[in-house]
Amino acid sequence: MNWLLVLGILDAALVAVVALLAILAARRSRQLARQIERFTQLELELERRVEEQVQRRVADEERRLRERIAQREAEAARRDEEISRRSAELADRRHKLEERGATLDAKAEELAERAGALDARSARLDEREARIAGAEDQIRNRLEEVAGLSAEQARERLLETVERELTGEVARHVARAEESARLTADERARELVLRAMAAVRGAVAVEGTISLVELPSDEMKGRVIGREGRNIRALEHTTGVDLLVDDTPRAILLSSWDPLRRTIAARSLQKLVEDGRIHPARIEEVVEKARAEADEEARERGEAIAFELGVTGLHERLVLLTGRLSFATDHGQSLLQRAREVALIAGELADEMRLSGDALRRAGLLHDVARADKVPLLQHPAIASADLATRFGEQPAVTHPIRLLAQPNDAPRTPEGVVLATARRIVVSRPGARNDNLQRHMDRLDEVEKLALAHEGIERAAAVRAGRELRVHVRAEATSDDQALLLARKLALEIEKAVDYPGQIRVIVIRETRAVSYAV
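Using the working numbering, the first residue of the sequence shown is number 1476, and each one after it goes up by one.
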């Protein structure tokens, strides 16, 4: 009985388990059905999106293809139009060439006819020349028989007679030509030079090599010198200037050949004296600040001079170097003042001669700018200045006349080069512009006198009026008046070619006859 009960319970439990498993299976199947349905929907949504993307891409590709086709069609139309235009031009050219060919054929026929006529005329002329030559021989032989002279003797006498007659005629023509040229050229040249120089105002700044810095008291000299001279050594090392501390009351002398260094040293020393703190570190700081101030002042001066001359668009480096020219001198002449005067005179001359005045003002301002650069000059200053201006954007119309300043005086030049060289010579050689070397001046006088004495018939020659006049005395019996005139002209030309001189040299040939007698 118990076994039956147990079996019944087990059967019931088994049925319950089977029922539970059936319920769980039904629930799992429903979940799987829902997942399958969801996956189906996702798959449909994915297919729809993929189809939309494919459609969009297809539409984009179709649009791109239509645009490319339209571009190709437009390009083909343009090419067809260009081909049609060129075909028309070729047809027109072909027609013109055919017309020109016909014209050339007609001209060739005409030239052939003219050549035939010229050949016939040449043959007739040859016959005539042969007859004339025979007649000349007969006449020459007859003349030799009558005169008793050969042809060579008659030719020599004729040349001597013609030479004597033409010497006076040539001298008179040369005198008239020189007088006419002098009346016109001197007047015009004087007018141009005076008009150009009228634009130059102000005196030339002549600076020495020593600057004086005043001190509030003599006790300040000891502070400037420093313990064991360390302050003065620091100043000399930093500025490159010699400091001279002597018995001059309340003053220190600064000595240097470079005006820029001397200016920086003077300003630095004045600031140190005013501040009162003088030691090597402070000295270096003040000197660097003074250098910056000097560069700023140079830049302002460069801008001011460029504005005065109407020169625009200069590179900042060229403006700075132009301003630094105010601290440099040549034979006591300020390079900035010289550049200003050269620019003004060159511009005025160029305007009068209808050349580019702006370009020559620019060239005159920059013709010595390389002298202000800290790089040592290894070539002619004009070439270095031209290269520097080219590197900073200046045009050949400006740099080429500058480069020509390095050529010899007798070298060929462009009109712009001649104007710039003339303006520079006017500025350099005008009275008071610079200090000329005495030995060089004496050598130039000796060279002029030796050149004159090398000619025959000259007794003595003397260069007077500081070399601006050459007086030549010739022997009266060996030189005529006409030959003296020609000799003066010849000497002037030789001096122009062989001697380098400022301004002009007047050549005077003196021919005189002296009768001397003594009363006893």
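Using N, Cα and C, we set each Cβ at its ideal position, and we do this for glycine too.
### Query
With burial defined as no fewer than 16 other Cβ atoms inside 10 Å of the residue's Cβ, what is the status of A1859: buried or exposed?
Working through the sequence shown from its first residue, we reach residue 1859 at position 384. Burial call: buried.
### Task
Determine the contact status of R1774 and G1798, defining contact as a CB-CB distance below 9 Å.
Here residue 1774 corresponds to residue number 299 of the sequence shown, with the count starting at 1. Here residue 1798 corresponds to residue number 323 of the sequence shown, with the count starting at 1. Yes. Within cutoff.
### Query
If you run the structure through DSSP and keep just helix, strand and coil, what is A1943?
Numbered from its first residue, the sequence shown carries residue 1943 at position 468. Correcting the residue identity first, residue 1943 is Arg in this sequence and not Ala. Correct three-state label for R1943: coil.
### C-beta atoms of D1770 and L1795 nearer than 9 Å
Here residue 1770 is taken as the residue at index 295 of the sequence shown, counted from 1. Here residue 1795 is taken as the residue at index 320 of the sequence shown, counted from 1. Contact: yes.
### Task
Let me know if A1680 comes out buried or exposed under the rule of 16 or more other beta-carbons within 10 Å of its beta-carbon.
Here the question's residue 1680 lines up with position 205 in the sequence shown. Unreliable positioning characterises A1680 in this predicted model, as indicated by a pLDDT of 33, which lies under 50. The coordinate reading is nonetheless provided below. Classification of A1680: exposed, given that the 10 Å Cβ count is below 16.
### Task
Just the C-alpha distance for E1791 and E1778, rounded to the nearest angstrom, thanks.
Looking up residue 1791 in the sequence shown gives position 316. Looking up residue 1778 in the sequence shown gives position 303. Taking the straight line from one Cα to the other gives about 9 Å.
### Query
Looking only at C-alpha atoms, which of L1744, R1513, I1707 and A1990 sits nearest to L1690?
Indexing the sequence shown from 1 puts residue 1690 at position 215. When only C-alpha atoms are compared, the closest one is L1744.
### Residue of V1974, V1716, A1500 and A1765 minimising C-alpha distance to R1919
As a first step, residue 1919 is located in the sequence shown; it is residue number 444 there, counting from the start. R1919 has its Cα closest to that of V1974, out of V1974, V1716, A1500 and A1765.
### Under the three-state DSSP convention, the category Q1882 falls into
As a working mapping, residue 1882 is identified with position 407 in the sequence shown. Looking at Q1882 - three-state DSSP - the assignment turns out to be coil, as it is neither helix nor strand.
### Query
Taking just the CA atoms, how far does A1534 sit from L1521?
As a position in the sequence shown, residue 1521 is number 46, starting the count at 1. As a position in the sequence shown, residue 1534 is number 59, starting the count at 1. Their Cα atoms are separated by approximately 20 Å.
### Message
Just verifying my parser: in three-state terms, what is the DSSP assignment at I1753?
### Response
For the purposes of this step, residue 1753 is taken as residue 278 along the sequence shown, with counting starting at 1. Reduced to three states, the DSSP call for I1753 is coil.
### Message
Given this structure, state the Cα-to-Cα distance separating R1986 from R1940, to the nearest angstrom.
### Response
Within the sequence shown, the letter at position 511 stands for residue 1986. Within the sequence shown, the letter at position 465 stands for residue 1940. Approximately 20 Å between the Cα atoms of the pair.
### Query
Out of I1707, L1496, I1607 and P1876, which has the shortest C-alpha to C-alpha gap to A1825?
Mapped onto the sequence shown, residue 1825 falls at position 350. Nearest of I1707, L1496, I1607 and P1876 to A1825, Cα basis: P1876.
### Task
Assign H1842 to one of two classes, buried (16 or more other C-beta atoms within 10 Å of its C-beta) or exposed (fewer than that).
By 1-based counting over the sequence shown, the position of residue 1842 is 367. Buried: at least 16 other Cβ atoms inside 10 Å.
### Task
Return yes when the Cβ of R1899 is within less than 9 Å of the Cβ of L1880, no when it is not.
Numbered from 1 along the sequence shown, position 405 holds the residue referred to as residue 1880. Numbered from 1 along the sequence shown, position 424 holds the residue referred to as residue 1899. Taking 9 Å as the Cβ cut-off, L1880 and R1899 qualify as a contacting pair.
### Task
Per DSSP, which residues does Q1808 bridge with? Please list them.
Within the sequence shown, the letter at position 333 stands for residue 1808. For Q1808, which the question treats as bridged, DSSP gives the partners D1805.
### Query
Just the Cα atoms here: how many angstroms apart are Q1528 and E1518?
Within the sequence shown, residue 1528 is the residue found at index 53, counting from 1. Within the sequence shown, residue 1518 is the residue found at index 43, counting from 1. If I take the Cα positions, the gap works out to 15 Å.
### Query
Helix or strand or just coil, what does DSSP make of H1930?
For the purposes of this step, residue 1930 is taken as the residue at position 455 of the sequence shown. Note: H1930 maps to coil in three-state DSSP.
### Task
Check whether the Cβ atoms of D1733 and A1803 sit closer than 9 Å, and answer yes or no.
Against the sequence shown, residue 1733 aligns to sequence position 258. Against the sequence shown, residue 1803 aligns to sequence position 328. In contact: D1733 and A1803 (Cβ atoms closer than 9 Å).
### Message
Using C-beta distances below 6 Å, list every residue in its chain close to A1818, excluding the 5 sequence neighbours before and after it, in chain order.
### Response
Stepping through the sequence shown from its first residue, residue 1818 is reached at position 343. Hits under 6 Å: L1784, R1836, G1839 and L1840.
### Task
Answer yes or no: do V1949 and I1933 have a C-beta to C-beta separation smaller than 9 Å?
To locate residue 1949, count along the sequence shown from 1; it is residue 474. To locate residue 1933, count along the sequence shown from 1; it is residue 458. Cβ distance < 9 Å, so V1949 and I1933 count as in contact.
### Short Cβ contact (9 Å threshold) for A1857 with R1878
As a working mapping, residue 1857 is identified with position 382 in the sequence shown. As a working mapping, residue 1878 is identified with position 403 in the sequence shown. In this structure, R1878 lies closer than 9 Å to A1857 by Cβ.
### Query
Between L1729 and D1721, is the Cβ-Cβ spacing less than 9 Å?
For this step, residue 1729 is matched to residue 254 along the sequence shown. For this step, residue 1721 is matched to residue 246 along the sequence shown. Between L1729 and D1721, the gap from beta carbon to beta carbon reaches 9 Å or more.
### Query
Mind checking whether A1967 and I1980 have CB atoms under 9 Å apart?
To locate residue 1967, count along the sequence shown from 1; it is residue 492. To locate residue 1980, count along the sequence shown from 1; it is residue 505. A distance below 9 Å separates the beta carbons of A1967 and I1980.
### Message
Beta-carbon within less than 6 Å of A1781's beta-carbon, same chain only, minus the 5 sequence neighbours each way: which residues are those?
### Response
By one-based count along the sequence shown, residue 1781 stands at place 306. Around A1781: L1789.
### Query
Between R1935 and the rest of its own chain, which residues show a CB-CB distance below 7 Å, the 5 nearest in sequence each way excluded?
Indexing the sequence shown from 1 puts residue 1935 at position 460. Closer than 7 Å at Cβ, skipping near neighbours: H1948.
### Message
As a quick exercise: from A1709, R1505 and S1992, pick the residue whose alpha carbon is nearest that of V1762.
### Response
What you label residue 1762 is simply residue 287 of the sequence shown in a count that begins at 1. When only C-alpha atoms are compared, the closest one is A1709.
### Buried or exposed by the 16-neighbour rule on C-beta atoms within 10 Å, applied to I1753
Start at 1 with the first residue of the sequence shown, and residue 1753 comes out as number 278. Buried, since its Cβ has 16 or more Cβ neighbours within 10 Å.
### Nonlocal neighbours in the same chain, by C-beta distance under 7 Å from E1922, ignoring five residues either side
What you label residue 1922 is simply residue 447 of the sequence shown in a count that begins at 1. Taken in chain order, the residues that qualify are V1974.
### Query
When the Cα atoms are used, what is the spatial distance from A1951 to L1593?
Mapped onto the sequence shown, residue 1951 falls at position 476. Mapped onto the sequence shown, residue 1593 falls at position 118. Taking the straight line from one Cα to the other gives about 59 Å.
### Task
Use the C-beta contact count for Q1812: other C-beta atoms within 10 angstroms, 16 or more gives buried, fewer gives exposed.
Looking up residue 1812 in the sequence shown gives position 337. By the neighbour-count rule (16 or more Cβ atoms within 10 Å), Q1812 is buried.
### Message
Here's the rule I'm using: 16 or more other beta-carbon atoms within 10 Å means buried, otherwise exposed. How should I1484 be labelled?
### Response
Reading the sequence shown from its first residue, position 9 is the one you call residue 1484. Answer is exposed; the Cβ neighbour count stays below 16.
### Query
For V1987, which of helix, strand or coil comes out of DSSP?
Taking the sequence shown and counting its residues from 1, the one referred to as residue 1987 is at position 512. With the sequence shown as reference, residue 1987 is identified as Glu, and Val is not the correct amino acid for it. In this structure, E1987 counts as coil in the three-state DSSP scheme.
### Message
I need the DSSP call for E1952, collapsed to helix, strand or coil.
### Response
On the sequence shown, residue 1952 is found 477 positions in, with the first residue counted as 1. Here E1952 sits in coil by DSSP.
### For S1504, three-class secondary structure by DSSP
Here residue 1504 refers to the residue found at position 29 of the sequence shown. It is helical.
#### Entry: T1889 versus T1897 - alpha carbon distance
Here the question's residue 1889 lines up with position 414 in the sequence shown. Here the question's residue 1897 lines up with position 422 in the sequence shown. Between T1889 and T1897, the C-alpha separation is close to 12 Å.
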